[in-house]
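Working notes, structure below.
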Amino acid sequence: MTIGEKIKFFREMRGYNLSQLGKLSKLEASTIRKYEQGERNPKPDQLAKIAAGLNLSVSIFYDLSIETAGDVASLFFLMDDKIEFIFEGKKEDGTYDEDSVSIKFKNKSLQKFLMNWATIKAMLDNIEEQAADISNESVKKTVREEKNSMYEKFKFTQMDSPIMVTKDTSGLAVRNYTPPSEEN
């Protein structure tokens, strides 16, 4: 998804029209429309205003480039700074066996997300296996596009969760936002 497609996706998910998002983000509705249609790309400060208007982290609009083990390690260290997780697996002399080590989140919301993600990935893998057996290329392409669309929808609805999971959060806490009224 492009940045513009993501803006539109989250705007519509929130039930906002362009005018409402414009007021919340202090940008012109016509400017946001141009971003959504791919006619223009927002500058970082404008994207931050849109994210604030949608009550999202601006990072949700960026695609990270993850190519190396170091890139993945940096994500784990970022997570370790903010959330609590537990290493599990077989240990011998205090060292984990590389084939059994895994992580489990202490936060139940994150653990539930992980369960849901594993479940949908298994379902999508099953769809892909079935698509491979389809001889009609047009039908195969349609099935794969639908599968990819299902995954994108799952991904972005999960990324929109307001549940706070940082180490300093106790109990259930959510990021609050007030939907705009028509007169806002």
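If you read the sequence shown in numbering that gives the first Met the number 0, its first letter stands for residue 0, the second for the next number, and so on.
Even glycine gets a Cβ: it sits at the ideal position worked out from N, Cα and C.
Predicted, not measured: the structure shown is a model, and the values here were computed from it.
Output the boundary residues of the beta strand (DSSP E) element that contains residue 86. 84 to 87
Tell me whether the segment 55 to 64 and the segment 25 to 37 touch, counting them as touching only if at least three CB pairs, one residue from each stretch, are closer than 8 Å. no
From the DSSP output, which residues share a beta bridge with residue 94? 91
Should the segment 150 to 166 be regarded as contacting the segment 130 to 139, the criterion being three or more beta carbon pairs within less than 8 Å? no
Please go through the same chain and pick out, in chain order, the residues whose beta-carbon is closer than 6 Å to the beta-carbon of residue 165, but skip the five residues on each side of it. 81
Anyone know if the C-beta pair for residue 9 and residue 0 falls short of 8 Å? no
Does the beta-carbon of residue 125 have 16 or more other beta-carbons within 10 angstroms, so that it is buried, or is it exposed? exposed
How is residue 102 classed by DSSP in three states: helix, strand or coil? strand
If we call anything under 8 Å between Cβ atoms a contact, is residue 18 one with residue 49? no
In chain order, what residues of the same chain have a beta carbon less than 6 Å from the beta carbon of residue 143, not counting five sequence neighbours either side? 130
What does a CB cutoff of less than 6 Å around residue 146 pick up in its chain, not counting 5 residues either side in sequence? 123 and 126
Could you tell me the boundaries of the alpha helix (DSSP H) in which residue 136 lies? 136 to 158
Range of the contiguous alpha helix (DSSP H) that encloses residue 13: 2 to 13
Over the uninterrupted alpha helix (DSSP H) stretch that includes residue 71, give me the two end residues. 68 to 81
Can you grab the Cα-Cα spacing for the pair residue 71 / residue 115, in whole Å? 22 Å
Residues near residue 52 by beta carbon distance below 6 Å, same chain, minus five either side: 20, 23 and 24
Alpha carbon of residue 67 to alpha carbon of residue 26, nearest angstrom: 38 Å
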